[in-house]
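Some notes on the structure that comes next.
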Amino acid sequence: MAFDFSKKFEAFENKVWLASPTMHGEEIEYINEAYKTNWMSTVGENIDEVEKMAAEKSEVQYAVALSCCTAALHLCCKLAGERLYGKPAISHGALEGKRVFCSDMTFDATLNPVVYEGGIPVFIETEKDSWNMDPKALEKAFEMYPEVKLVVCAELYGFPGRIDEIKKICEKHGALLIEDAAEAMGASVDGRQCGSYGDYSAVSYNGNKIITGSAGGCLLTKSLEDANKARKWSTQARENAAWYQHEEVGYNYRMSNVIAGVVRGQYGHLEEHIAQKKAIYERYEKGLEGLPVKMNPITEGTEPNYWLSSLIIDEDAMCKQVRDDSKALYVPEEGKSCPTEILEALESINAEGRPIWKPMHMQPMYRMHECVGTDGSIRCRTNAYIDGGVEDVGTDIFARGVCLPSDNKMTVEEQDRIIEVIRECFE
Ligand SMILES: *Cc1c(COP(=O)(O)O)cnc(C)c1O
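Residue numbers (our numbering): 55 to 481.
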């Protein structure tokens with residue numbers, strides 16, 4: 055038997071989420087303050103305070119509060135593009151026709167902004183031991199394309215790899231680094247905060263992140279000039295004049311002072327959230343002991359924020375599983391399991407899991423894009439079809455990995471039942 059759906063595992067009355075917002079009370083007071091003082095706008099004290107807190111927490115000089123992290127990454131791409139290639143004619147297409155090295159196993163929001171600016175993502179294979187961008191593959195990519203001057207790297211699920219090494223490789227090749235720390239706020243590498251490694255970085259306050267504003271994000275930079283430029287672009291690029299004067303294309307990307315109230319109230323609880331997430335990770339680690347699975351890798355010298363606990367099933371403990379572009383099937387097998395079975399079992403008790411991010415080079419949208427492997431070979435979806443499946447680290451982790459319910463508010467009893475259900479999948 056694999057997971058026995060006929061056996062009665064009591065379903066949770068209230069769904070146990072992957073990661074949902076956790077409020078504390080201060081948030082509503084800052085929202086009320088905005089309301090009472092009528093700063094119901096994209097200007098106000100909450101925004102100023104969020105920018106101070108974000109810069110301080112991430113150990114950078116300047117933060118610019120924006121409507122979301124994707125907007126922050128877009129402005130990062132524009133700033134980097136202008137610095138590298140000069141100002142484009144109508145102020146968009148800052149990366150027009152240029153290759154940009156990007157993380158492969160991440161949310162597509164990491165690199166969509168590269169495409170907004172006309173750049174061509176070239177994916178860098180994932181490192182087996184860290185689940186993050188492989189520094190060796192990045193070196194190979196620079197050997198192949200020495201003209202590339204920009205790297206966009208995300209930290210996966212709050213468990214950083216060696217972003218410091220990635221930064222050094224960028225410096226060696228005269229390239230800039232955009233660090234997508236959306237999932238990694240509060241995590242650190244060698245005692246230095248994630249978000250401080252990029253020439254430009256971004257953090258997210260999306261509803262499921264480690265702290266939230268319901269939405270929102272910040273662009274982080276060490277340059278006052280760049281911070282001011284991003285702030286100007288984010289407010290329709292208005293020139294300093296008595297009327298609406300415009301010399302370049304602008305965006306409506308500024309954070310609302312109401313949203314900023316929520317973020318402001320959350321910052322003081324970041325460390326508490328991290329401690330809760332760490333406890334969840336450790337309970338999974340202990341509870342799943344003896345099963346043919348491993349939890350997300352923790353890279354030496356790094357301190358994760360433990361945002362999403364995930365597991366990977368040992369190769370020889372995988373039952374047969376196939377996925378097309380929208381559906382998955384599996385064959386239950388005694389003593390074995392697969393992500394699809396575990397996700398269905400979790401769903402049957404009203405708990406939310408999720409597959410690992412499907413690597414970008416496997417996405418139909420990027421099927422013609424290259425993915426540079428650790429050995430310098432090119433792996434892409436089209437190749438995989440031609441020669442019957444080039445195995446690469448991202449494809450493998452996607453096949454065998456699952457994100458587990460990691461909500462701060464999950465009780466020990468709830469987590470115990472989840473662990474029991476996962477154990478049952480391997481019966
Ligand atoms: C959530 C996330 C984003 C996007 O953040 P938003 O604030 O929702 O725009 C970008 N990159 C990664 C890796 C993320 O997890």
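We put the beta carbon where it would ideally sit given N, CA and C, even for glycine.
With a threshold of 7 Å, establish whether the CB of threonine 289 neighbours any heavy atom of ligand 1.
no
Please find out if some non-hydrogen atom of ligand 1 comes closer than 7 Å to the beta-carbon of phenylalanine 161.
yes
How many angstroms separate the CA atom of glutamate 293 from the CA atom of alanine 281?
16 Å
Decide yes or no for the touch test of the stretch 214-222 against the stretch 347-360: beta carbon pairs closer than 8 Å, at least 3 of them.
yes
Return yes when at least one heavy atom of ligand 1 lies under 7 Å from the C-beta of threonine 164, else no.
yes
Secondary structure of methionine 187, DSSP reduced to three states:
strand
Is alanine 56 closer than 8 Å to glutamate 388 when the C-beta atoms are compared?
yes
Assumed close pair glycine 252, leucine 231 - CB separation to whole angstroms, cut-off 8 Å
5 Å
Measure the C-alpha to C-alpha separation of tyrosine 335 and methionine 77 and round it to an integer number of angstroms.
21 Å
For alanine 56 and chain C, any beta-carbon pair shorter than 8 Å?
No chain C appears in this structure, which consists of one protein chain only.
Proximity test, glycine 271 beta-carbon vs ligand 1 heavy atom, cut-off 7 Å
yes
Neighbourhood of valine 168 by C-beta, 7 Å cutoff - its chain only, sequence neighbours within 5 removed
Cys131, Leu149, Val154, Cys156, Pro175, Val206
Would you kindly work out how many angstroms separate the C-alpha atoms of serine 60 and alanine 399, rounded to a whole number?
11 Å
Please find out if some non-hydrogen atom of ligand 1 comes closer than 7 Å to the beta-carbon of glutamate 103.
no
Indicate whether proline 409 and tryptophan 71 have their beta-carbon atoms separated by less than 8 Å.
no
Buried or exposed (CB count within 10 angstroms, at least 16 for buried), tryptophan 297:
exposed
Is the separation between the beta-carbon of glycine 271 and that of cysteine 122 shorter than 8 Å?
yes
So proline 393 is in the alpha helix (DSSP H); what residue range does that whole segment cover?
393-402
I need the DSSP call for alanine 56, collapsed to helix, strand or coil.
coil
Please tell me whether cysteine 502 and isoleucine 396 are closer than 8 Å, where the distance is taken between their beta carbons.
Nothing about residue 502 can be read from this structure; the chain reaches only from 55 to 481.
Please list, in chain order, all residues of the same chain as glutamate 171 whose beta carbon is under 8 Å from its beta carbon, the five residues on each side excluded.
His128, Cys131, Lys132, Gly135, His146, Gly147, Ala148, Leu149, Glu150
Quick check: what's the CA-CA separation for glycine 341 versus alanine 333?
12 Å
Hey, out of Cys392, Lys381, Trp361, whose CA is closest to lysine 374's CA?
Cys392
Straight-line gap, alanine 235 to leucine 120 (C-alpha atoms, nearest Å)
15 Å
Nearest-angstrom Cβ-Cβ length linking asparagine 100 and alanine 284, presumed shorter than 8 Å
At roughly 19 Å, the Cβ-Cβ gap does not stay under 8 Å, so asparagine 100 and alanine 284 are not in contact.
To the nearest angstrom, report how far apart serine 268 and isoleucine 85 are at their CA atoms.
12 Å
Tell me whether glutamine 299 sits in a helix, a strand or coil according to DSSP, three-state version.
coil
At which residue ranges does the stretch 116-203 contain complete beta strand (DSSP E) runs of 3 or more residues, listed in the order of the chain?
116-120, 153-157, 174-178
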